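Numbered continuously in numbering that gives the first Met the number 0, the sequence shown closes out at residue 403. One structure below.
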Amino acid sequence: MGSTERIKNVAKRVAKWHDAGHQIIVVPSAMSGETNRLLGLAKEISDQPDPRELDMLASTGEQASVALLAMALQAIGKQAVSYAGWQVPIKTDSAHTKARIRSIDDVKVRQDLDAGKVVIITGFQGVDDLGNITTLGRGGSDTSAVAVAAALQASECLIYTDVDGVYTTDPRVVSDARRLKTVTFEEMLEMASLGSKVLQIRSVEFAGNYKMPTRVLSSLTDPLIPLEEETVSGTLISFEEDTKMEQATITGIAFNRDETKITVLGVPDRPGIAYQILGAVADANIEVDMIIQNQSVDGKTDFTFTVPRGEYAKAMDVLNEKVKAHIGAASITGDAKVSKVSVVGVGMRSHVGIASQMFRTLSEEGINIQMISTSEIKISVLIDEKYMELAVRALHKAFGLETA
Ligand code: ASP
Ligand code: MG
């Protein structure tokens with residue numbers, strides 16, 4: 000919601016659903032740029048603001064949104080009531096700025112819905128056991144919305160956002176990327192964690208755990224487009240059972256530029272080595288993604304793993320200072336210019352040959368694969384960042400993703 004004009008449009012859209020006989024709960028985010036503005040103010044005051052006070056501050060963005068939206072609905076003749084998270088209450092743990100929702104009380108909300116009101120609840124925030132306001136992390140209103148939908152056993156959760164759905168890959172890289180009509184929760188998790196950041200990942204986990212059908216759709220369309228049109232727009236994130244028998248084997252190509260590769264060379268091949276290397280990295284709070292250990296030769300092996308770019312320098316320091324001499328490694332090398340490209344699809348479970356098709360496509364483009372990792376519904380390769388876009392385009396074509 001970028002302006003009061005946009006808020007009025009949201010009110011029209013909500014009224015349209017309500018007029019069609021639906022009970023509606025709306026979970027707005029702050030007005031565009033508002034959370035950044037508030038956090039910017041905090042930074043002007045202090046380099047390390049107290050997390051409790053940051054939550055107190057950041058949560059006000061959503062509080063303004065819900066009140067304005069309630070007024071906008073009332074102005075067009077709808078009964079509406081707004082609540083901050085603590086008034087519902089939406090209970091969370093006490094991890095300020097990254098709290099997790101524990102429970103949502105539905106009593107008050109149900110009473111309002113039954114009385115014919117539209118209920119508007121702040122996204123992004125809740126309250127802990129001591130009554131402190133907490134927030135759920137950036138993008139957290141997606142998670143609030145899915146959690147509220149689950150708690151109230153809604154029939155569907157609609158997430159209106161600035162994109163019109165989930166695509167087979169990033170349309171900025173592949174111009175004929177196609178919008179997916181449906182995607183499963185598992186695929187969405189793989190795509191989200193790989194860089195298609197349409198929704199906060201935790202909201203997708205929530206949707207999966209509570210089996211809440213969730214549709215991602217555009218907030219930029221005319222608010223009065225017919226409901227029949229709107230209910231089939233965007234992308235439905237759903238369950239595997241109800242999806243598409245004759246769907247393509249591969250659903251999308253995900254990629255992540257935020258990768259670096261570190262290799263510990265000449266490590267004695269004995270029990271505990273992986274733990275000594277990765278334990279030290281984990282103790283420094285660095286997340287590791289792909290991992291390989293080579294076959295040992297003469298009792299020595301090489302150990303390679305990837306970490307996010309922002310953690311590369313720190314990881315190298317930890318290894319050089321705390322690990323290298325300790326485990327008797329020969330040397331440590333790294334490459335900060337690598338990217339990960341993945342093919343994702345639940346169809347992989349029932350089809351063979353996906354990996355070989357992927358590797359053939361990359362070899363035809365002369366792209367060298369540095370590391371490979373797989374899950375049941377995903378195959379990822381690490382390659383030189385120079386070839387990332389080429390790889391994504393070639394794979395998108397090879398798996399026929401541009402056509403429905
Ligand atoms: N307003 C919060 C943020 O910008 C939550 C959200 O938009 O989902 O992170
Ligand atoms: Mg958001």
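By construction, the Cβ of each residue, glycine as well, lies at the ideal position given by its N, Cα and C atoms. Quick caveat, the model's predicted, so the values are computed rather than measured.
Kindly indicate which three-state DSSP category residue 205 falls into: helix, strand or coil?
-> Reading the sequence shown from its first residue, position 206 is the one you call residue 205. Helix.
Status (buried if at least 16 other CB within 10 Å, exposed otherwise) for residue 399 = For the purposes of this step, residue 399 is taken as the residue at position 400 of the sequence shown. Classification for residue 399: exposed.
Can you give, in chain order, each stretch of the beta strand (DSSP E) that sits fully within the region 115-193 and has at least 3 residues?
-> 117-120, 124-126, 132-134, 156-160 and 181-183
Cβ distance (whole Å) where residue 394 is taken to contact residue 252 below 8 Å | In the sequence shown, residue 394 corresponds to position 395, counting from 1. In the sequence shown, residue 252 corresponds to position 253, counting from 1. Confirmed, Cβ separation roughly 5 Å.
Using 10 angstroms around the beta-carbon of residue 244, count the other beta-carbons present and answer buried if the total reaches 16, otherwise exposed.
-> As a position in the sequence shown, residue 244 is number 245, starting the count at 1. At residue 244, the pLDDT of 49 sits below 50, so the modelled position is not reliable and the matter cannot be decided from this model.
Where does residue 84 sit, in a helix, a strand or coil, going by DSSP?
-> The residue given as residue 84 occupies position 85 in the sequence shown. Three-state DSSP puts residue 84 in a helix.
Can we say the region 158-165 touches the region 216-236, given the rule of at least three CB pairs closer than 8 Å?
-> yes
Presumed contact (8 Å Cβ cut-off) between residue 1 and residue 31, rounded CB distance = As a working mapping, residue 1 is identified with position 2 in the sequence shown. As a working mapping, residue 31 is identified with position 32 in the sequence shown. About 4 Å; that satisfies the 8 Å criterion.
Member of 268, 25, 18 and 212 whose CA lies at the smallest distance from the CA of residue 294 = Translated into the one-based positions of the sequence shown, residue 294 becomes position 295. Checked all of 268, 25, 18 and 212; the closest Cα to residue 294 is 268.
Just the Cα atoms here: how many angstroms apart are residue 187 and residue 297?
-> Here residue 187 corresponds to residue number 188 of the sequence shown, with the count starting at 1. Here residue 297 corresponds to residue number 298 of the sequence shown, with the count starting at 1. Using only the alpha carbons, I get a separation of about 44 Å.
Spell out a yes or no on whether the region 174-185 and the region 150-158 are touching, meaning 3 or more CB-CB pairs, one atom from each, closer than 8 Å.
-> no
Among the residues of its own chain, which have a CB less than 6 Å from the CB of residue 72, if the five just before and after it don't count?
-> Sequence index remark: in the sequence shown, residue 72 carries index 73 (1-based). Only 10, 79 and 117 meet the Cβ criterion.
So does the region 79-93 actually touch the region 105-122, counting three or more Cβ pairs closer than 8 Å?
-> yes
Whole-number beta carbon distance between residue 378 and residue 407, since they are thought to touch under 8 Å = Residue 407 lies beyond the residue range present for the chain, which begins at 0 and ends at 403; the question has no answer from this structure.
Beta carbon of residue 61: closer than 7 Å to some heavy atom of ligand 1?
-> In the sequence shown, the residue the question calls residue 61 occupies position 62. Yes, the beta carbon of residue 61 sits closer than 7 Å to at least one heavy atom of ligand 1.
Should residue 144 go down as buried or exposed, given a rule of 16 or more other Cβ atoms within 10 Å for buried?
-> Translated into positions along the sequence shown, residue 144 becomes position 145. Classification of residue 144: buried, given that the 10 Å Cβ count is 16 or more.
Take residue 104 and list the residues in its own chain whose beta-carbon comes closer than 7 Å to its own, dropping the five residues that flank it on each side.
-> Residue numbering aside, residue 104 sits at position 105 when the sequence shown is read from its first letter. Cβ neighbours of residue 104 beyond the five flanking positions: 87 and 88.
contact_flag[the region 133-142, the region 347-362] where n(CB pairs < 8 Å) is 3 or more | no
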